[in-house]
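Protein chains in written order, with the numbering used here: chain H, 2 to 116; chain W, 4 to 451.
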């Protein structure tokens, strides 16, 4: 099965970190990505720009209506994702637990709807 | 367990049999088929579901297929005689029903894959027809998986492993059948769609994964236990079902101590079921119960289980709770109390659970050992816990301690709250008597 690991954390924490801390953070994610690839689990991943760059779109009366900002305003924001292949939820959860995002935020594990 | 008892319990088979008014109306063959179907359901319902759902993880589909298979059995067996291996017969039919259902439901590639999987299992099953492997542990672990909402784990196990229908579970858990059905369906969808595995964890992971299973079984037992009058059949039976599940776990995992601790704990409680009310239906607290009314065989079994569990070398919540029961039983029988050990057991339990309920009981034991003032102090540690505000036993315990400390006015107030929180009329009357007795007490005293 494929699972999407959605990484939620407080995006205001990042700019407050020192350069060394930021480098350490990036290195942790790189190591995690490497481990996923090494285990043949990795399907894809991306880091998202902060929600200040987000635009929400919906169609109102047939016309697209754009709104500045994220869909949900919350304390922790979606900051990135990993798409992984895992045999079952337990395997997906154990990968989610290893993700650096699980220690500085929350990781939501969602199964992909196979079409 | 006789088959007629099972029919009254409305086990899985009650889904398919409309209970006849007069047994004599039935032909011998039909009655025999029903008895056999009931016996198989009792013995193997969960086993059949677990095997049917093992690879597809689709519990709902397995339930539907098995229910159709039982219906076929009741039509076929009276005509053609009961099969020698009814489990294998039901499994083969249920498999075919599952394949038929998948054909009807699905199309395209997904169906192909699904059907292939089912067909593969069918052939594997036919070669091993004599003995259906027991995957009930994997099924229970899936039902009590941490990803499943905690409150539905117990009903889910009762339905999926024992075949109780949603209406009976709902009545035992005091919710509406519709609401219970909905939550059960959602939980089964979660198992299926999120890929919760039907597998046995590694040995070192087992205690952690087993804990929610044990908690779910104990929750079922507790629901059954809260019907002291024994008037609510659905709830009384729940205690029996919980004992069945705990026994099953001890058989499946003979080297794990906690299932044995749980079974012991429940047996101690069950042994005292009849002694909780006197002939007038009034509540009798443990200390005033007549030990000769207790079920000796259950207590002996519990003692053996605890001893065996402790030889397996790892302590846990249920063994500690069992040991406390053992100490209470010993004290009530012999008048010989070892309060120091009881306090130590509560200390250990408090460290594991951090439960305010444990803290309340610990305080009562401290009162016996060191007097009411130290006990009230110990209770004060958890007094701010909001969970206690609604917990009758906390207020009743507090009242008892205040009486012993001579604080009659405050004791009266604590009784008042306890009475207000208690749903059981017999316990309410008991508390009211205690409260009324205060008025005959010496004048309220101030702290010495």
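Virtual Cβ for every residue (Gly too), placed ideally from N, Cα, C.
None of the values given here were measured: they were computed from a predicted structure.
Determine the DSSP secondary structure at residue i, reduced to helix, strand or coil.
i, result
"residue 154 (chain W)", "helix"
"residue 47 (chain H)", "strand"
"residue 65 (chain H)", "strand"
"residue 4 (chain W)", "A caution first: residue 4 (chain W) carries a pLDDT of 35, below 50, which makes its placement in the model too unreliable to give a value."
"residue 10 (chain H)", "strand"
"residue 167 (chain W)", "coil"
"residue 89 (chain W)", "helix"
"residue 80 (chain H)", "strand"
"residue 58 (chain H)", "strand"
"residue 3 (chain H)", "strand"
"residue 85 (chain H)", "strand"
"residue 108 (chain H)", "strand"
"residue 258 (chain W)", "coil"
"residue 60 (chain W)", "coil"
"residue 441 (chain W)", "helix"
"residue 72 (chain H)", "coil"
Would you mind giving the Cβ-Cβ distance between residue i and residue j, rounded to the nearest angstrom? I have them listed as a contact below 8 Å.
i, j, result
"residue 349 (chain W)", "residue 334 (chain W)", "The pair is not a contact, with the Cβ atoms about 14 Å apart (cut-off 8 Å)."
"residue 313 (chain W)", "residue 322 (chain W)", "7 Å"
"residue 142 (chain W)", "residue 53 (chain W)", "4 Å"
"residue 264 (chain W)", "residue 309 (chain W)", "7 Å"
"residue 360 (chain W)", "residue 394 (chain W)", "7 Å"
"residue 55 (chain H)", "residue 101 (chain H)", "Not quite, the Cβ-Cβ distance comes to about 22 Å (not below 8 Å), so this is no contact."
Which same chain residues end up closer than 7 Å to residue i when comparing Cβ atoms and leaving out the 5 residues on each side of it in sequence?
i, result
"residue 103 (chain H)", "97"
"residue 281 (chain W)", "287"
"residue 76 (chain H)", "11"
"residue 372 (chain W)", "342, 343, 346"
"residue 96 (chain W)", "72, 75"
"residue 40 (chain W)", "16, 73, 76, 77"
"residue 111 (chain H)", "4, 5, 7"
"residue 311 (chain W)", "263"
Determine the chain W residues that contact residue i at a beta-carbon separation under 8 Å, and present them in chain order.
i, result
"residue 2 (chain H)", "198"
"residue 90 (chain H)", "148, 150, 197, 198, 199, 200"
"residue 112 (chain H)", "196, 197, 198"
From the options, pick the residue whose C-alpha is nearest to that of residue i; which is it?
i, options, result
"residue 351 (chain W)", "W:372, W:320, W:381", "W:320"
"residue 278 (chain W)", "W:291, W:269, W:267", "W:291"
"residue 431 (chain W)", "W:101, W:416, W:399, W:412", "W:399"
"residue 244 (chain W)", "W:381, W:45, W:93", "W:45"
"residue 202 (chain W)", "H:113, H:92, H:32", "H:92"
"residue 99 (chain W)", "W:55, W:136, W:386", "W:55"
"residue 440 (chain W)", "W:414, W:363, W:150", "W:414"
"residue 192 (chain W)", "W:216, W:63, W:168", "W:63"
"residue 458 (chain W)", "W:374, W:422, W:425", "Since the displayed chain W opens at 4 and closes at 451, residue 458 (chain W) lies outside it and no answer follows."
"residue 385 (chain W)", "W:358, W:404, W:403, W:402", "W:358"
"residue 65 (chain W)", "W:105, W:85, W:88, W:30", "W:105"
"residue 381 (chain W)", "W:390, W:368, W:392, W:389", "W:368"
"residue 48 (chain W)", "W:88, W:79, W:162", "W:162"
"residue 87 (chain H)", "H:52, H:43, H:24", "H:43"
Residues in the same chain with beta-carbon distance under 8 Å from residue i, minus the five sequence neighbours each way, listed in chain order, please.
i, result
"residue 246 (chain W)", "224, 266, 269, 270, 273"
"residue 210 (chain W)", "259, 261, 317, 319"
"residue 301 (chain W)", "270, 271, 273, 274"
"residue 106 (chain H)", "8, 9, 10, 11, 77, 80"
Excluding sequence positions up to five away, which residues of its chain have a Cβ less than 6 Å from the Cβ of residue i?
i, result
"residue 81 (chain W)", "32, 33, 36"
"residue 248 (chain W)", "220"
"residue 378 (chain W)", "366, 369, 370, 404"
"residue 186 (chain W)", "155"
"residue 148 (chain W)", "199"
"residue 167 (chain W)", "161"
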